[in-house]
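Peer 1:
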Amino acid sequence: MGDVLAGIQATWEFATDSVLIRFERGIRTPKLFQALRQRRIPHEALGSVTVAEGRRGTVVLRAAPRAGADPLMEAASGQLKEGCDPYRLVLPASQRTLAEYYADELTARLAADAAEPAERFLVAAPEGPLHFKAYDGKASFDGARVSFRWSRTGASSAKWKCGDQNFPVAELTGVDWRSPEAFDGYLRVLRQGEPGADQADQDPSAVVFGLGYGPVHESLPFAAAVLGAARHSRTVPVPAVATGRRDPADIAERIRHLGELHHSGLVTDDEFSAKKAELLAEL
């Protein structure tokens, strides 16, 4: 497509395989958009595209993501207000025909299984390091581990007894984010076999928000980054290959299998290249 459509708070650039969303900066732009800055959404990550009437003489082009395709939306779990939805492009009503044109173009490029949940994340998670201040402590994420450092004034005695916490992403299964705009907002990291306490203020695996603490534009990208890293850490490892000279046919078969894992997203580009080189070295 190669076109650009400028909206009120964002600009969409249409590529042959994706949509690049660039968010505007300014006092009227939601802080979440400013924090995200830009996002590339592959066509295969989209589930539907619609055009609807907006408020005050506007029209809205929305490219809704598939379930399970975007770690940001998975972490948000439907809690974002309409005005903070990064998949909405608000345009003047006079551009409705143009909006419908691009909606048709994107719809034609949806994957055959667009109505089905994605098997893996297709949109890149926010990158670390990230941090924010919660009511009862400070949360930080360096890409490899999540750390909670308790506040002397805000943390419960239960958390003080447990001490500051560190969670390697390899041990995490996900995150539970409740918007700080809710009365009892919190962020909890989830571990296999450890569901956590019912009350976040007593759970050392969670930090609680409060008025002015852990705002959406800080805590949600944080949650999405942790979720993306946790999911990536559970990638199926490539089977070990014994050293020594091997039959070329066997090596070819292993490389073919490795390629299938790479194509399905179970092996990263770096893992694929490194293991392929290791296999070829055995010829």
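The opening position of the sequence shown corresponds to residue -12 in the numbering used here, with each subsequent residue numbered one higher.
We put the CB at the ideal spot given by N, CA and C, even for glycine.
Remember, it's a predicted structure, so these values are computed and weren't measured experimentally.
1) To the nearest angstrom, how far is it from the Cα of E181 to the Cα of S144?
2) Going by DSSP, name the residue or residues bridged to D163.
3) Following the continuous alpha helix (DSSP H) through L23, name the residue where it begins and the one where it ends.
4) Where does T(-2) fall in DSSP's three states?
5) Whole beta strand (DSSP E) runs in the segment 125 to 166 with 3 or more residues, listed along the chain?
6) Is the distance from the Cβ of V176 to the Cβ of V195 below 7 Å?
7) For the beta strand (DSSP E) containing A51, list its first residue and its last residue.
8) Counting along the chain, where does the alpha helix (DSSP H) carrying L59 start and finish?
9) Quick one: any contact between the segment 84 to 92 and the segment 21 to 28, if contact means 3 or more CB pairs under 8 Å?
10) Given L78, which residues of its chain have a CB within under 6 Å of its CB, disregarding the five upstream and five downstream residues?
11) For the putative contact between L267 and V213, defined by C-beta atoms under 8 Å, what is the C-beta separation to the nearest angstrom?
12) Please list the terminal residues of the continuous beta strand (DSSP E) segment that includes S35.
13) Applying the criterion that 16 or more other CB atoms from any shown protein chain within 10 Å of the CB defines a buried residue, is L109 buried or exposed?
14) Alpha carbon to alpha carbon, how far is D57 from G215?
15) In terms of residues, what are the limits of the alpha helix (DSSP H) holding L93?
16) With a Cβ-Cβ cutoff of 7 Å, do G275 and R136 count as a contact?
17) Counting C-beta neighbours from all protein chains within 10 Å, is the total for A102 16 or more, i.e. buried, or is it exposed?
18) Looking only at its own chain, which residues have a Cβ that is under 7 Å from the Cβ of G130, when we skip the five neighbours before and after it?
19) Taking the straight line between their C-alpha atoms, what separation do you get for T16 and A211?
20) So H219 is in the alpha helix (DSSP H); what residue range does that whole segment cover?
21) Thinking A126 and S220 are a contact (beta carbons under 8 Å), I'd like their distance in whole angstroms, please.
22) Tell me, which residues are paired with K68 by DSSP?
23) Hey, how far is the Cα of T255 from the Cα of G34?
24) Per DSSP, which residues does V6 bridge with? Please list them.
25) Spatial neighbours of L97 within its chain, please: C-beta separation below 7 Å, excluding the five flanking residues on both sides.
26) My understanding is that F154 touches F209, with C-beta atoms under 8 Å, so please give their C-beta distance in whole angstroms.
Peer 2: A quick look at the data gives this:
1) Their Cα atoms are separated by approximately 20 Å.
2) DSSP lists R175 as partners of D163.
3) Judged by DSSP secondary structure, L23 falls within the alpha helix (DSSP H) whose first and last residues are K18 to L23.
4) The answer is strand: DSSP assigns T(-2) an E or B state.
5) Within the segment 125 to 166, the complete beta strand (DSSP E) runs of at least 3 residues are 132 to 137, 152 to 155 and 159 to 165.
6) Result no, Cβ atoms of V176 and V195 do not sit closer than 7 Å.
7) For A51, the uninterrupted beta strand (DSSP E) segment begins and ends at T45 to P52.
8) Run containing L59: P58 to A63, per the alpha helix (DSSP H) assignment.
9) Taking a cut-off of 8 Å on C-beta distances, the segment 84 to 92 does not touch the segment 21 to 28, as fewer than three cross pairs fall below it.
10) Taking C-beta separations shorter than 6 Å and ignoring five residues to either side along the sequence, the partners of L78 in its chain run G(-6), V46 and A86, following chain order.
11) Under the criterion of beta carbons closer than 8 Å, L267 and V213 do not qualify as touching, at roughly 36 Å.
12) Here the beta strand (DSSP E) through S35 covers L33 to E40.
13) By the Cβ neighbour-count rule, L109 is buried, with 16 or more other Cβ atoms within 10 Å of its own.
14) So the two alpha carbons sit approximately 9 Å from each other.
15) Counting along the chain, L93 sits inside the alpha helix (DSSP H) bounded by residues R83 to A95.
16) Residue 275 lies beyond the residue range present for the chain, which begins at -12 and ends at 270; the question has no answer from this structure.
17) Answer is exposed; the Cβ neighbour count stays below 16.
18) Only G115, P116 and A216 meet the Cβ criterion.
19) Approximately 21 Å between the Cα atoms of the pair.
20) Boundaries of the alpha helix (DSSP H) harbouring H219: V203 to S220, taken from the DSSP string.
21) That pair is no contact at about 18 Å.
22) In the DSSP output, where bridge partners are listed per residue, K68 has none listed.
23) CA-to-CA, the gap between T255 and G34 works out to about 24 Å.
24) According to DSSP, V6 bridges with F1 and I28.
25) Excluding sequence neighbours, L97 sits near H30 and L33.
26) At roughly 13 Å, the Cβ-Cβ gap does not stay under 8 Å, so F154 and F209 are not in contact.
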